[in-house]
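Working notes for the structure below.
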Amino acid sequence: MTTEEFTVCAGVALFVLMLPALYRVAVGPTSFDRLVAVNVIGTKTAVLLVIIGVLFNRVEMFVDFALTYALLNFVGSLAVARFLNRTKPMPEEKTSRGSSRKKGAKAS
Amino acid sequence: MSFLFLANAPVVDESVQAELSRLEICGMTLAGLGLLFFLGAAVGLFRFPDFYTRMHAAGKGDTLSSLLILLGFALITFDDFSALGWLLLLKIFGIVLFIMLTSPTSTHALMRAGFEDGIEPVTNNPKRKKKGGAKKK
Chain A
1 MTTEEFTVCA GVALFVLMLP ALYRVAVGPT SFDRLVAVNV IGTKTAVLLV IIGVLFNRVE
61 MFVDFALTYA LLNFVGSLAV ARFLNRTKPM PEEKTSRGSS RKKGAKAS
Chain B
1001 MSFLFLANAP VVDESVQAEL SRLEICGMTL AGLGLLFFLG AAVGLFRFPD FYTRMHAAGK
1061 GDTLSSLLIL LGFALITFDD FSALGWLLLL KIFGIVLFIM LTSPTSTHAL MRAGFEDGIE
1121 PVTNNPKRKK KGGAKKK
């Protein structure tokens, strides 16, 4: 088995193993299940970009893509988590700016 | 027609290509191990009954398999010891370090958001079932 064949097989296996995560995105009972699966798929896409770069002999270009994709995935995942967390009303948020999260958790 | 000088060139390449270097074998082993861990993460994400257990499988398996696959392909591409090769290795190590920092962080944030949103874990304890989630209003 040459290196090129191994790289193609690894990329295809990575893509096929993303399909259960895609199933979890489609039928996940809560929205956080979908979010976890999207996070897994995003991380694996960053890895898959490096594999594509190895196949095309242009790793020095694709590594930057992978770094950017991992960063955007992290920021997007954190943003959606915060958004879904803040959809419930929190009355203590308006008055106290300091450790409002802990107070809100204790009060309710 | 004398195009035989064209046919001569690939023959030399095929004889050279036959054997793998030690670095490539190490890289293939690491990447195969990473694929195995990602198989575990995918099966866990597919079959586990609960949000928290699915999160457990996804967080751990995803992080470790990303690290192993990236390190393996860093070793596979690191053939020549030139400056460009070292820079490439450094960049891939940067991605590895970034994923190692951010993947548990986002897992923690998602788990905390789900817990504060009142998702209940699957238990056998009837008292816990009656009491309800963390912050249900």
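Residue numbers (my numbering), protein chains in the order written: chain A, 1 to 108; chain B, 1001 to 1137.
Idealized CB from N, CA, C, for every residue including glycine.
Quiz item: Which of helix, strand or coil does DSSP assign to residue 38 (chain A)?
Solution: Correct three-state label for residue 38 (chain A): helix.
Quiz item: Within the 8 Å Cβ cut-off, does residue 1081 (chain B) reach chain A?
Solution: no
Exercise. Ignore the nearest five residues each way along the sequence and tell me which others in residue 1114 (chain B)'s own chain have a CB closer than 7 Å to its CB.
Key: 1051
Quiz item: Helix, strand or coil: which one does DSSP assign to residue 50 (chain A)?
Solution: Of the three classes helix, strand and coil, the one that applies to residue 50 (chain A) here is helix, per DSSP.
Self-check item: contact_flag[the stretch 1023-1040 of chain B, the stretch 1067-1075 of chain B] where n(CB pairs < 8 Å) is 3 or more
Solution: yes
Exercise. Please check the pair residue 1077 (chain B) and residue 1088 (chain B), which I expect to be a contact at CB under 8 Å, by giving their CB distance rounded to whole angstroms.
Key: Yes, they are in contact, since the Cβ atoms of residue 1077 (chain B) and residue 1088 (chain B) sit about 6 Å apart, within 8 Å.
Quiz prompt | Contact with chain B by residue 21 (chain A), beta-carbon distance below 8 Å | solution = yes
Quiz item: Exposed or buried, residue 1080 (chain B), counting other C-beta atoms within 10 Å across all chains shown (16 or more means buried)?
Solution: Here residue 1080 (chain B) is exposed. Its C-beta has fewer than 16 other C-beta atoms within 10 Å.
Quiz prompt | Under the three-state DSSP convention, the category residue 1096 (chain B) falls into | solution = helix
Self-check item: Cβ pair residue 41 (chain A), residue 10 (chain A) closer than 8 Å
Solution: Between residue 41 (chain A) and residue 10 (chain A), the gap from beta carbon to beta carbon reaches 8 Å or more.
Exercise. Kindly list the residues whose CB is nearer than 7 Å to the CB of residue 1107 (chain B), restricted to its own chain and excluding five residues on each side of it in sequence; keep chain order.
Key: 1055 and 1059
Quiz prompt | Proximity of residue 1062 (chain B) and residue 85 (chain A) at Cβ, strictly below 8 Å | solution = no
Quiz item: DSSP on residue 1122 (chain B), reduced to helix/strand/coil?
Solution: Note: residue 1122 (chain B) maps to coil in three-state DSSP.
Quiz item: What is the DSSP secondary structure of residue 1111 (chain B), counted as helix, strand or coil?
Solution: Collapsing the DSSP output to three states places residue 1111 (chain B) in a helix.
Self-check item: Under the three-state DSSP convention, the category residue 11 (chain A) falls into
Solution: Helix, per DSSP.
Quiz item: Comparing alpha-carbon positions, which option in B:1096, B:1067 and B:1112 lies nearest residue 1035 (chain B)?
Solution: B:1067
Exercise. Rounded to whole angstroms, what's the CA-CA distance from residue 117 (chain A) to residue 1085 (chain B)? Just pull it up for me.
Key: No statement about residue 117 (chain A) is possible, as the shown extent of chain A runs from 1 to 108 and does not include it.
Quiz item: Below 8 Å between beta carbons: does that hold for residue 1025 (chain B) and residue 70 (chain A)?
Solution: Cβ distance not < 8 Å, so residue 1025 (chain B) and residue 70 (chain A) don't count as in contact.
Quiz item: Does any residue of chain A bring its CB to less than 8 Å from the CB of residue 1091 (chain B)?
Solution: yes
Quiz prompt | Close-in-space but distant-in-sequence residues of the same chain around residue 1041 (chain B) (CB under 8 Å, 5 per side omitted) | solution = 1057, 1058, 1060, 1061, 1062 and 1065
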